[in-house]
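> Okay, here's the structure, questions in a sec.
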Amino acid sequence: MLRVVAGAGAVGALSLVEPRRLGPLAHGAYRVGVAAATAALVADSSRYDLPVLDPVRDGVVAGGVTLGLMDVVESFDARMVDALRGLGMTRPRLALAALGAAGTAAVIALPHLGDPDRSWSLREETFGEPAGVPLPSEVRALIEALLADAPDAPAPPGAEALREQLETARVLDTGGVGADLQLVVEDPRRLAVPRQQQWPVRGEFLRGGIRYELELQIDGGRLGMLSVMVPDEEPRLEHALSQLASPAFVLPDPDRIALRRETEAP
């Protein structure tokens, strides 16, 4: 209830402000306030839905986008106020504030009305079974190939920790194996260093005469994402990207990829 009141109150209060009457400093503070309120609302709603990145980063992105579009937002707001005033409404901002507060309250409260045990289910998701589904065997085999030692040299630093993580890694269920697979590793015993990197071993493969690259992203020292990319120099780039987006696209067999290891050579 406190979240509903706070969110509705913030939106209602901001809706009462007439930005056209503000000085430069107050106008800047108003814009920051609108962006901050948007960020908080998006971050809060992402906690009860599937976030694009994670709730905090979703909120930061939404706030940044809002701040960048404030000229458009304020122009639309001014037209609405002037239109309502032209219809004979004496206090149009009060009406907009009431509508904004009511809409915000509904957005915050509706997820809980449909599922009164939602907060408990979220705790179960956090502290219960690991997120995602078991890693498909073909995905595991591809990652093992990328992390394997070279015939004449050891694997890059961090490979041993990542191979250990692979034993318990899971994948977020997006309805099937696709071109981008978000990996989940909970409570690893060791982290790879550097903790943010694109793994310096890629897997190249051909399909329909098009060259694709299999890349492994390391996020926070953990297995992060396995992605199929199209090199920028690929002549049939547009067609290749459409193939990647097709539900029929499947990952290659491990024995069909050629490993390309980064070296110091230019």
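In this note's numbering, the protein residues as written are 10 to 275. All C-beta atoms, glycine included, are put in the ideal place defined by N, C-alpha and C.
Under a three-way DSSP split, which group does I283 fall into?
Lying before the first or after the last residue shown, residue 283 is absent from the chain, which here runs from 10 to 275.
> So what's A150 in DSSP terms, helix, strand or just coil?
Looking up residue 150 in the sequence shown gives position 141. Helix at A150.
> Would you mind working out which of P244, L34, W208, V20 sits nearest Y221, comparing C-alpha positions?
The residue labelled residue 221 in the question sits at position 212 within the sequence shown. That would be P244, whose Cα lies nearest to the Cα of Y221.
> Nearest by alpha-carbon distance to F214: which of R199, P240, R198, V202 is it?
Your numbering for residue 214 matches position 205 in the sequence shown. Here the closest residue by C-alpha is P240.
> Of the residues A164, G21, A114, which one's Cα is nearest the Cα of T272?
Within the sequence shown, numbered from 1, the residue matching residue 272 stands at position 263. The shortest Cα separation from T272 among A164, G21, A114 belongs to A164.
> Rounded to the nearest angstrom, how far is the Cβ of R102 from that of E27, given a contact under 8 Å?
Your numbering for residue 102 matches position 93 in the sequence shown. Your numbering for residue 27 matches position 18 in the sequence shown. About 7 Å; that satisfies the 8 Å criterion.
> Quick one: any contact between the region 81 to 97 and the region 153 to 173, if contact means 3 or more CB pairs under 8 Å?
no
> Would you mind sorting F136 into buried or exposed? The rule is 16 or more other CB atoms within 10 Å of its CB.
As a working mapping, residue 136 is identified with position 127 in the sequence shown. The pLDDT assigned to F136 is 44, lower than 50, so where the model puts this residue is not dependable; a value taken from the coordinates is nonetheless given after this. It is exposed - the Cβ of F136 has fewer than 16 other Cβ atoms within 10 Å.
> Can you give me the Cβ contacts of V69 inside the same chain, cut-off strictly under 7 Å, excluding the 5 residues immediately before and after it?
By one-based count along the sequence shown, residue 69 stands at place 60. Once the five neighbours on either side are set aside, the close Cβ partners of V69 are A48.
> Going along the chain, which unbroken runs of the alpha helix (DSSP H) with 4 or more residues stay wholly within the region 204 to 256?
246 to 254
> Could you tell me the distance, in whole angstroms, from the CA atom of L235 to the CA atom of Q206?
For the purposes of this step, residue 235 is taken as residue 226 along the sequence shown, with counting starting at 1. For the purposes of this step, residue 206 is taken as residue 197 along the sequence shown, with counting starting at 1. Going by the C-alpha atoms only, they are around 13 Å apart.
> Just how far apart, CA to CA, sit D86 and I117?
Within the sequence shown, residue 86 is the residue found at index 77, counting from 1. Within the sequence shown, residue 117 is the residue found at index 108, counting from 1. Put simply, the backbone Cα of D86 is about 23 Å away from that of I117.
> Reducing DSSP to helix, strand and coil, say where D189 ends up.
The sequence position of residue 189 within the sequence shown is 180, counting from 1. In the three-state reduction of the DSSP assignment, D189 falls in the strand class, which pools E and B.
> Keeping to the same chain, check which residues put their C-beta closer than 6 Å to that of A17; ignore five residues upstream and five downstream.
Along the sequence shown, one-based indexing puts residue 17 at 8. Excluding positions up to five away in sequence, the list reads A110, T113, A114.
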